[in-house]
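Reviewing the structure listed below.
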Amino acid sequence: MSGIVIVGGGPAGAAAAIRLARGGLRPLVLEREAGPHDKICGEFVSTEARAHLAALGLDLAALGAAPITHVRVASGARQVQARLPFDALGLSRRRLDQALIEQARAAGAEVAAGVAARSVGCHAVETAQGALAARAILLASGKHEVRGARRAAPGAMRGAVGFKSHFRIPESQRRELAGFVEIVLFDGGYAGLQLVEGGVANLCLLVSHARFAADGRSWPRLFDALLAEPHLARRLGDAQPLTPRPLTIADVPYGFVVSPCDAPRGEYRLGDQAAVIPSFSGDGVAIALHSAQLAARAVLEGAGAAAYHARLRRDVRRQVALAAWLQRRLQGWPGRDAALAAARLWPPVLARLAAWTRLAPAALRGAGV
601 MSGIVIVGGG
611 PAGAAAAIRL
621 ARGGLRPLVL
631 EREAGPHDKI
641 CGEFVSTEAR
651 AHLAALGLDL
661 AALGAAPITH
671 VRVASGARQV
681 QARLPFDALG
691 LSRRRLDQAL
701 IEQARAAGAE
711 VAAGVAARSV
721 GCHAVETAQG
731 ALAARAILLA
741 SGKHEVRGAR
751 RAAPGAMRGA
761 VGFKSHFRIP
771 ESQRRELAGF
781 VEIVLFDGGY
791 AGLQLVEGGV
801 ANLCLLVSHA
811 RFAADGRSWP
821 RLFDALLAEP
831 HLARRLGDAQ
841 PLTPRPLTIA
851 DVPYGFVVSP
861 CDAPRGEYRL
871 GDQAAVIPSF
881 SGDGVAIALH
891 SAQLAARAVL
901 EGAGAAAYHA
911 RLRRDVRRQV
921 ALAAWLQRRL
931 QGWPGRDAAL
941 AAARLWPPVL
951 ARLAAWTRLA
961 PAALRGAGV
């Protein structure tokens, strides 16, 4: 091992491992899950994410990714749709993450599956097997915090509960959903729905604690209440859930962006540990892959964590801030009604918003993608 420990084997961690291994190092990836698994994610692969994945050598078509070319927004009985300004894909995190981990192994990285990081200290990572000395730590644990390295996010939006579940939907609904990512706005939250490989529909939603409490803090009751929404009733009323219960997470710090002083011990923060963009924007995977590219380059060139964090912050701060502002507006009735009315009068506003919450082409070029 080269003394480089990567905490987390998701898109950010695995992509960084691939790039470091190709650069002549042999990083160690700690992945707490022992095998392929699902994660809470909209599973939207934007054109920016596709560029990063292509550079890593992944064939997304061979993985069965579902094409996405349009966006549709629904609220109550009203809806509006538009052509996206790019072509995207839907691919489950189970399949994407596993493909990246296999690519990391093939490149020469060491992957310790089923080994969780208990805490992060000064040039050391504590696991159940003992402490690992590290000259560089890349923190890519996703939305989950690691003891000793909690994100400092005083201005971020917390106070929401996220859910994710896969469904087998009727063929008629699958045809209507094909090619679309759908955003359904409702009182107290919003849901995203799209197809991934195999014709499976991925439902991700974010609800306020107040909304969840009103439904008895019960997923069955919340889901029944969501089926009162006309659009979700049509899509999911006769759907078959593919898991006994959804994945859940609470109080994610949406809007957080790392600053150069957020890692005083010198660890490199990647993915959601570095920037948490609201889920509806669909750019979380792209930001994770972008952070991996920049962090790997910083490690290989000896630039240091502070310089890396400053560069990443410049690349993503505007997009994360805009998406966070939009999320605040969409979660309230007046803002939601105004946004939908504007989009119905001028559908290209949806495409403009999708473009404004993406990584800028200049940032991709600067990262060598």
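In terms of our numbering, the sequence shown opens at residue 601 and continues consecutively. Heads up, the beta-carbon is just placed ideally off N, CA and C, and yes, glycines get one too. Owing to the predicted nature of the structure, the values given are computational and were not obtained by experimental measurement.
Spatial neighbours of residue i in its chain, beta-carbon cut-off 6 Å, leaving aside the 5 residues before and after
i, result
"Ala712", "Leu630"
"Val807", "Val761, Gly788, Gly789"
"Leu732", "Val605, Val725"
"Gly610", "Asp697, Gly742"
Own chain residues within Cβ distance below 7 Å of residue i, not counting five before or after
i, result
"Gly837", "Leu827"
"Ala616", "Ile606, Leu738, Ala740, Leu870, Ala892, Ala895, Ala896"
"Val746", "Val607, Ala717, Ser719, Val720, Leu739"
"Cys722", "Arg865"
Coarse secondary structure for residue i, derived from DSSP in three states
i, result
"Leu795", "strand"
"Gly690", "strand"
"Leu805", "strand"
"Val916", "helix"
"His607", "The displayed chain sequence assigns Val, not His, to residue 607. It is a strand residue."
Chain-order list of residues whose beta-carbon lies under 8 Å from that of residue i (same chain, five-residue window excluded)
i, result
"Glu797", "Leu663, Gly664, Ala665, Ala666, Gly690, Leu691, Ser692, Arg695"
"Arg821", "Asp815"
Sub-9 Å separation of residue i and residue j beta-carbons
i, j, result
"Ser859", "His809", "no"
"Val916", "Ala963", "yes"
"Leu959", "Gln927", "no"
"His744", "Ile849", "yes"
"Leu586", "His670", "For residue 586 there is no data in the structure shown, the boundaries of the chain being 601 and 969."
"Ala814", "Phe767", "no"
"Gly792", "Gly882", "yes"
Selection from the options that minimises the alpha carbon distance to residue i
i, options, result
"Ile769", "Ala839, Cys722, Ala724", "Ala839"
"Leu628", "Thr727, Ala699, Asp815, Ser765", "Thr727"
"Glu901", "Arg619, Ile701, Val857, His652", "Arg619"
"Glu633", "Ser765, Leu625, Val715, Arg626", "Val715"
"Leu832", "Val673, Gly623, Leu658", "Val673"
"Val969", "Ser675, Ala704, Ala649", "Ala649"
"Ala704", "Val857, Gly613, Asp872, Ala863", "Gly613"
"Asp687", "Arg965, Phe780, Lys764, Leu889", "Phe780"
Problem - Sequence ranges, beta strand (DSSP E) only - wholly within the region 712-789, length at least 3 - result: 717-721, 724-727, 730-733, 736-739, 760-768, 779-786
Problem - Secondary structure, beta strand (DSSP E): runs of 3+ residues fully inside the region 616-687 - result: List check, beta strand (DSSP E) in window: 628-631, 666-675.
Practice task
Entirely within the region 829-890 and at least 4 residues each: give me those alpha helix (DSSP H) ranges in chain order.
Solution key: 830-836
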